[in-house]
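Here the protein sequences come in this chain order: H, Y, E and V. Residue numbering for the first sequence follows full-length UniProt numbering, starting at 1 and increasing by one per position. Residue numbering for the second sequence follows full-length UniProt numbering, starting at 1 and increasing by one per position. Residue numbering for the third sequence follows full-length UniProt numbering, starting at 1 and increasing by one per position. Residue numbering for the fourth sequence follows full-length UniProt numbering, starting at 1 and increasing by one per position. Working notes for the structure below.
Number of protein chains: 4
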Amino acid sequence: MTPIPIPTPASPPPDVVRCAYLELVVTDLERARHFYVEVLGLVVTAEEDDAVYLRSLEEFIHHNLVLRRGPVAAAAAFSYRVRSPEELDKAEAFYSELGCRVERRPEGFVRGVGDSVRVEDPLGFPYEFFYDVTHVERLAWRYDLYTPGALVRLDHFNQVTPDVPRAVQYMSDLGFRTTEDIQDEKGTVYAAWMRRKPTVHDTAMTGGDGPRLHHIAFNTHEKHNVIAICDKLGALRLSDCIERGPGRHGVSNAFYLYLRDPDGHRVEIYTQDYYTGDPDNPVVTWDVHDNQRRDWWGNPVVPSWYNEASLVLDLDGNPQPVVSRTEERELDVTVGADGFTYTRKGQDDLPSWKQGEYKLGEQL
Amino acid sequence: MTPIPIPTPASPPPDVVRCAYLELVVTDLERARHFYVEVLGLVVTAEEDDAVYLRSLEEFIHHNLVLRRGPVAAAAAFSYRVRSPEELDKAEAFYSELGCRVERRPEGFVRGVGDSVRVEDPLGFPYEFFYDVTHVERLAWRYDLYTPGALVRLDHFNQVTPDVPRAVQYMSDLGFRTTEDIQDEKGTVYAAWMRRKPTVHDTAMTGGDGPRLHHIAFNTHEKHNVIAICDKLGALRLSDCIERGPGRHGVSNAFYLYLRDPDGHRVEIYTQDYYTGDPDNPVVTWDVHDNQRRDWWGNPVVPSWYNEASLVLDLDGNPQPVVSRTEERELDVTVGADGFTYTRKGQDDLPSWKQGEYKLGEQL
Amino acid sequence: MTPIPIPTPASPPPDVVRCAYLELVVTDLERARHFYVEVLGLVVTAEEDDAVYLRSLEEFIHHNLVLRRGPVAAAAAFSYRVRSPEELDKAEAFYSELGCRVERRPEGFVRGVGDSVRVEDPLGFPYEFFYDVTHVERLAWRYDLYTPGALVRLDHFNQVTPDVPRAVQYMSDLGFRTTEDIQDEKGTVYAAWMRRKPTVHDTAMTGGDGPRLHHIAFNTHEKHNVIAICDKLGALRLSDCIERGPGRHGVSNAFYLYLRDPDGHRVEIYTQDYYTGDPDNPVVTWDVHDNQRRDWWGNPVVPSWYNEASLVLDLDGNPQPVVSRTEERELDVTVGADGFTYTRKGQDDLPSWKQGEYKLGEQL
Amino acid sequence: MTPIPIPTPASPPPDVVRCAYLELVVTDLERARHFYVEVLGLVVTAEEDDAVYLRSLEEFIHHNLVLRRGPVAAAAAFSYRVRSPEELDKAEAFYSELGCRVERRPEGFVRGVGDSVRVEDPLGFPYEFFYDVTHVERLAWRYDLYTPGALVRLDHFNQVTPDVPRAVQYMSDLGFRTTEDIQDEKGTVYAAWMRRKPTVHDTAMTGGDGPRLHHIAFNTHEKHNVIAICDKLGALRLSDCIERGPGRHGVSNAFYLYLRDPDGHRVEIYTQDYYTGDPDNPVVTWDVHDNQRRDWWGNPVVPSWYNEASLVLDLDGNPQPVVSRTEERELDVTVGADGFTYTRKGQDDLPSWKQGEYKLGEQL
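What follows is the structure, encoded as structure tokens:
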């Protein structure tokens, strides 16, 4: 089946500044609040009976994460800030031309945010655009509030979608640039990283059954902050929240950790990728068989990281149906029965202590 | 079979100050030298056609590691420094009374070390004791020589032996104190950590087929130094040297990384355990089923880490025969078919992303 | 004397992406090369008899610093990258309209850079704009090349100019935004930080006798990298290169260190300021009397840091004359005879160990 | 005046394990508690109306610091742990033979500690020895309790005494070994570092008017923890607690920070000195004129650090009279009118930015 490309609208896209916040539906708000506030140390800007508004320490807009109580764990909105109020008109026109469902609310969809446009985008994701937002205290200098694992910024989203090149083309039309991707020798694209702000990404498109949320990522300042989160989870006997890592990514060169919240939503802790703001910033393409692409140290990616992700909601709050990926899957071509991988291209003499790892996929 | 305990000698043991160096036989001296000097940054004190003498940056004695070319990869000596020259007489008497083979060489067995006693100890390990040693420059202040992953001290050895309580009793007679151990509810001991200097260990006794060398461990100052070693291995496309970690130990509370050198000898990079020098220092006993005992973050221990280890040599340079452990094995009782493990005692509701990991042992 | 404001040109400014490189004249090229390459670890992209081209580890353009042998230590060019080749025409028009001397060279002024515009700007600084540049390997993943104090990016310039508000208006016309500044209760502005890329600054305007170069700043990833540079300077017995720090800035919230190169040019090592890319990013104004504005820990700023700076050259390579600041000087109003400063506003009960420090200025 | 040496007792000294705790009299217990608990994060083991008992995170004995309300800020006891209960008899005999006032209390002098000997030692310091102590939870694994600047161990005391060689001889008789010292070319000793546990010191003898307490020092794990304390003090507008640093010591090679508590008692935060446990550990002697001896980066030592210190109490709780040092003072021979200092021996061409610093002493 040849997927139908998403047409490029004649309308110019809105000028997106950065990923700004995620609205997340959680089934047990108290447990979720404990995880994000007591364990991870996000700051509560506001809370209501059914929602908690959280921000990172260097943020000056109202929130980077909204936790909302709901019946099904899912992502309700991927929200981006645009450069001016006028950009919302462009967002409306851009998505209307694409035939998407578009809803605009001058009073905003969530507390702290004003005039906003929400859409069900061509990939099925609930995207939001806004400019107007309540300013709050930037706590960057409030070191009396810092914890050892302090989360200082929202870094990016990561979305699961069946057809990565199709998604990349649409996102490019929306004004995003690719910084890195993973391909194989036949040109199959397994994932792509795309940015507006000059970091490696504001969002990534990960090939798989979708639309689903793969994860949301927050920054720490240093690597020891990431380790401190692991140590604290151990002390709280919550180490089973740790799904993968910590480690060094090949893609992005960042130091990472993946956690799962009480609903299974995945959260990445991320630090020290690189500047990508030049117009001719070199795109880095990784070979899917390179065992250092996902973890620079060659540590295995656990299968759940490839397979599990969160549902996303339509604008009525109902889960979007999940469409299967038809192309080859990264898990299969690397660790599965037919997969192969290498540390040094052309060499396949695995040491004894690595022989099990590359075959994990088929057995689990 | 009830193992025969090792009798306590009437002779007092030598007063051991600390673990001082390991003599390691490598089959390809150039590759081994590259690994320890170019990759890990140990400092060359001296070298000969068939041997390289290496030390860490804060060391003032001649070496912490001797690499010697030989036909079979093995550990030739676990060497301890004693408090005075007179302690060598005690070592001779102590091991003679135990019926061990004892050899004393006033000129020493290796370059840089004088009067020494080597023995084939009751567990089959080649132990050495010495006081007289050449002093060399302590490079602690030579920050111009530091690398991002600088190794600053030798921390400990780790030995594999079939019967841990038997080994612990003998080592206690030798004057070592237990700081931590791993047991099960029936009292089976899976491993024990023992010290002379006031850290968690100068050596550990790990239950398994032995006598074998499990690993040698060097200290870094900080955790980022350990990460820098991983990053460098990735850059050199040597990430398959990384066997396990980095991570936080439960036992010892140290931050760790396990590497395998070109001969498969295991090297730990280790930092930030705690002071144990008080006579009533509390012993910490870990439940073998506690999933955080070996990795505080609950990350799985790879099977090779349990199963593989280096041969040790007798005083003629021949490999010691390896005797199988007859008691239950830690790998089996935790990750194997009959094993079980927990993050929170009494709870066994594993999240989806952890379900594979606990069963790795039987499948690999 | 009322300074004459710089008029806002009708021509649009060039779209500047970021500060890109500094051309620095040094009187002893070998000593300067040793300092920047052997001590600080910048990477040599190219070298000639009279010039060395250096870059940081995450850079992909040809260089971030050119060291050129010359008779007088000075800054020859502050060079910015623009978004496209067409922006050079805008630069020409913008500065021509301002009556500045403008020189355009299609072949570029330095190796590795193509079509460029250099100007003597209204403040007397030699500014350069370019788009065309040779790409080189981004060494971000080359951890085998990292040193403990690895410099990973060029962060910013800092310029000394007599009249800060006048400079700020001109730079705003050039498209820069103010992120932070230092003022007193009368509205005198002592310094301002201005950015194009979304960090605290691409350049800062520091009030003083000018035009002069105050410093160039490079980023490290973490704070320990900054400390490693100090430690290495100590080991090399070059600690007298350390002028100020390390410390935490109040302004910018970054961790810093100021060095002086063999010619006395000042180099800052800088890490961990914050994201400023939103159009309504809050401007932070610091009280000049707040003792934590320049050093968050209240450590004194050495007088040389206020008083000393490097000459800048005109487009013929001759030093620009230095014009004195006529407004009050920050050194005088804080640490001098008539100055005052506070840790907690309204409290002036200095502890005994601080009483000397605040009066340093008048005595040195 | 030739000082009278302290005779070496015929009685053997007690076998001291390590420095264990300091009893500190504070004039405002609430402010002191806030400083040590809320700001520095020491853990409260117990508290009473007039005293608070604090420990570091890796400690398992009852406390490392006792804050006791009293009329005069002073140190009431420097307390050392001995290897067994029997060592207390040796302490009694040792000090009785020296003619010191000795008091033994089987019930102990403070909560949590049993049978103890307190003496007014030959230098006028209130020294305590004990073995019996209440064990408490070692919080090493309780990462949920860690702050960014977590203090994990008591490291050492530092005492001011007029005649350093006299003090060193007495402390050597007590079984301490010198690890480093500062001398001049005439053999005048300005300070000496002495240890029982194998670190650089359990206490240091600093030449000056005494007996006085120079400081108590706690360990952090890493350098960023020290920086975090500074950052927090800035956030709390308590930066004037920072007296000196952070920096790297030449002596000890440790990373350091000196704070002053609300009573002016000096607290050092200290990390990463080196192992000194070998009997022939090389003693490092520093030249008093070496500008890197006290700060490896050549940053100036503030005069208050040399001049100010805390009174100590006799066994009745009255301040000991302070005797002046008659030998040359380190402050005078380095930064004062007649002092000189160097970064590179034999070179005295100070850069402009350093010329003020070396002369600070006489002017302040």
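Where is the CB? At the ideal position from N, CA and C, for every residue including glycine.
Query, Result
"Which residues in the same chain have their Cβ closer than 8 Å to the Cβ of R293 of chain H, if we skip the five residues on either side of it in sequence?", "I182, G250, V251, W286, D287"
"Just the Cα atoms here: how many angstroms apart are residue 405 of chain Y and L67 of chain V?", "Since the first residue of chain Y shown is 1 and the last is 364, residue 405 of chain Y is not available in this structure."
"Determine, using beta-carbon pairs with one atom in the segment 15 to 24 of chain E and one in the segment 69 to 83 of chain E, whether at least three such pairs fall under 8 Å.", "yes"
"Assuming the contact rule is C-beta atoms closer than 8 Å, V44 of chain E and L54 of chain E should be a hit. Round their C-beta distance to whole Å, please.", "6 Å"
"Can you round the beta-carbon distance between L88 of chain H and P14 of chain H to whole angstroms, since I take them to be within the 8 Å contact cut?", "7 Å"
"In the DSSP assignment, what are the bridge partners of A51 of chain Y?", "Y:E48, Y:R68"
"Mapping DSSP to helix, strand and coil, what is M1 of chain H?", "Because the pLDDT at M1 of chain H is just 49, under 50, the model does not fix this residue reliably, and the point stays unresolved."
"Are R237 of chain V and T334 of chain E touching if we call contact CB-CB under 8 Å?", "no"
"Hey, how far is the Cα of L29 of chain Y from the Cα of V200 of chain V?", "37 Å"
"To the nearest angstrom, how far is the alpha carbon of G247 of chain Y from that of C230 of chain H?", "9 Å"
"Could you name the residues of the segment 261 to 279 of chain H whose beta carbon sits closer than 7 Å to any beta carbon of chain E, in the order they occur along the chain?", "Q272, Y274, Y275, G277, D278, P279"
"List the endpoints of the continuous alpha helix (DSSP H) containing E330 of chain H.", "330 to 334"
"With which residues is P319 of chain E paired in a DSSP beta bridge?", "E:L313"
"DSSP has H249 of chain Y in a bridge; who is on the other side?", "Paired residues: none, contrary to the question."
"Relative to the C-alpha of D316 of chain V, which residue among V:L139, V:R118, V:P148 is closest?", "V:R118"
"To the nearest angstrom, report how far apart D295 of chain E and S116 of chain H are at their CA atoms.", "41 Å"
"Quick check: is the beta carbon of residue 372 of chain E nearer than 8 Å to any beta carbon in chain H?", "The displayed coordinates of chain E run from 1 to 364. Any statement about residue 372 of chain E would go beyond what the structure contains."
"Tell me, please, whether the CB atom of R195 of chain V is closer than 8 Å to any CB atom in chain E?", "no"
"Going along the chain, which unbroken runs of the beta strand (DSSP E) with 3 or more residues stay wholly within the segment 154 to 206 of chain H?", "177 to 183, 189 to 195"
"In chain order, what residues of the same chain have a beta carbon less than 7 Å from the beta carbon of A298 of chain V, not counting five sequence neighbours either side?", "It is worth fixing the name first, because residue 298 of chain V is Gly in this sequence and not Ala. Correct list, in chain order: N291, Q292, T343."
"Taking Cβ-Cβ distances shorter than 7 Å, what residues in chain H pair up with A140 of chain E?", "N253, Y274"
"Quick check on I4 of chain H: buried or exposed, where buried means 16 or more other Cβ atoms within 10 Å of its Cβ?", "exposed"
"Would you kindly report the start and end of the unbroken beta strand (DSSP E) that includes E30 of chain E?", "Element bounds for E30 of chain E: not the beta strand (DSSP E) but the alpha helix (DSSP H), 29 to 33."
"My output table needs one value for E38 of chain Y: the three-state DSSP class, helix, strand or coil.", "helix"
"Who are C241 of chain V's beta bridge partners in DSSP?", "In DSSP, C241 of chain V forms no bridge with anything."
"Got a sec: is the Cβ-Cβ distance from E222 of chain E to anything in chain Y below 8 Å?", "yes"
"What do you reckon, are the CB atoms on L42 of chain E and L65 of chain E nearer than 8 Å?", "yes"
"Going straight from the alpha carbon of G207 of chain E to that of P262 of chain Y, what length do you get?", "59 Å"
"Just how far apart, CA to CA, sit T8 of chain H and Y95 of chain H?", "10 Å"
"Which two residues bound the contiguous beta strand (DSSP E) that contains L257 of chain V?", "255 to 260"
"Can you confirm whether P148 of chain E, when its beta carbon is compared against all beta carbons of chain Y, has any partner nearer than 8 Å?", "yes"
"Inspect the CB distances between the segment 301 to 314 of chain Y and the segment 258 to 274 of chain Y and report whether three or more fall short of 8 Å.", "yes"
"Which value, in whole angstroms, describes the spacing of the CA atoms of E103 of chain Y and A91 of chain Y?", "10 Å"
"From L174 of chain E to N158 of chain V, what distance separates their C-alpha atoms?", "57 Å"
"Can you give me the C-alpha to C-alpha distance between C100 of chain E and M205 of chain E, rounded to a whole angstrom?", "19 Å"
"The beta strand (DSSP E) that contains L151 of chain Y, what's its start and end?", "No beta strand (DSSP E) contains L151 of chain Y, which DSSP labels as neither H nor E."
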